[in-house]
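**Student:** Residues 3 to 114 in the numbering used here are what the sequence shown spells out, letter by letter.
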Amino acid sequence: TTLVWGQPLTGLSPEDKPNLKKEALPVAWFKTWSTSMENKARVFNTTMGSARDLQSAGLRRLIINASYWGMGLEDKITSDRSVAYTSKYEPRPSGFNYEKLGVRPQLPSDFR
Numbered sequence: 003t004t005l006v007w008g009q010p011l012t013g014l015s016p017e018d019k020p021n022l023k024k025e026a027l028p029v030a031w032f033k034t035w036s037t038s039m040e041n042k043a044r045v046f047n048t049t050m051g052s053a054r055d056l057q058s059a060g061l062r063r064l065i066i067n068a069s070y071w072g073m074g075l076e077d078k079i080t081s082d083r084s085v086a087y088t089s090k091y092e093p094r095p096s097g098f099n100y101e102k103l104g105v106r107p108q109l110p111s112d113f114r
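#1: Identify the continuous beta strand (DSSP E) that holds G60 and give its terminal residues.
#2: Considering L103, what are the terminal residues of the alpha helix (DSSP H) in which it resides?
#3: Residues bridged to S15 by DSSP?
#4: Going straight from the alpha carbon of R62 to that of K102, what length do you get?
#5: Whole-angstrom Cβ separation of T48 and V29, contact assumed at under 8 Å?
#6: When you measure from the CB of L22 to every non-hydrogen atom of the ligand GDP, does any distance come out below 8 Å?
#7: May I ask you to report which of helix, strand or coil DSSP gives S111?
#8: Identify whether L27 lies in helix, strand or coil by the three-state DSSP scheme.
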């Protein structure tokens with residue numbers, strides 16, 4: 003079941019105009035999945051979630067509420083639950099020019 007449809011834009015900025023030559027696609031959805039042992043699993047998926055996407059309180063709320071739903075805790079979903087940051091959050095722009103961004107890519111093994 004689609005929760006959020008995304009309309010492609012003419013550029014990479016959220017302020018860019020919609021590209022009406024392209025169709026809207028699901029960007030957040032859920033379903034119930036049956037395992038091989040006949041167990042039911044709740045599945046939520048989204049193509050959103052980049053560092054900059056998470057600046058949106060709406061997206062943070064969607065992910066938090068979907069997590070509650072996935073665990074069967076719908077009674078914990080409220081419209082007034084805080085989705086505020088717990089510390090300073092300033093994501094860097096996306097891209098591959100790491101020197102300009104002041105970032106050094108690391109292997110996952112570097113964090114063990």
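No residue lacks a Cβ here, since even glycine has one placed at the ideal position from N, Cα and C.
**Tutor:** Short version:
#1: Here residue 60 corresponds to residue number 58 of the sequence shown, with the count starting at 1. That residue, G60, is in no beta strand (DSSP E); its alpha helix (DSSP H) goes A59 to G72.
#2: For the purposes of this step, residue 103 is taken as the residue at position 101 of the sequence shown. Its alpha helix (DSSP H) spans residues Y100 to L103.
#3: The residue you call residue 15 lines up with position 13 of the sequence shown. DSSP lists no partner for S15.
#4: Along the sequence shown, read from residue 1 onward, the residue named residue 62 stands at position 60. Along the sequence shown, read from residue 1 onward, the residue named residue 102 stands at position 100. Those two C-alpha atoms are separated by around 28 Å.
#5: The residue given as residue 48 occupies position 46 in the sequence shown. The residue given as residue 29 occupies position 27 in the sequence shown. Confirmed, about 6 Å.
#6: This structure does not include the ligand GDP; it has no bound ligands of any sort.
#7: Working through the sequence shown from its first residue, we reach residue 111 at position 109. It is helical.
#8: As a working mapping, residue 27 is identified with position 25 in the sequence shown. Reduced to three states, the DSSP call for L27 is strand.
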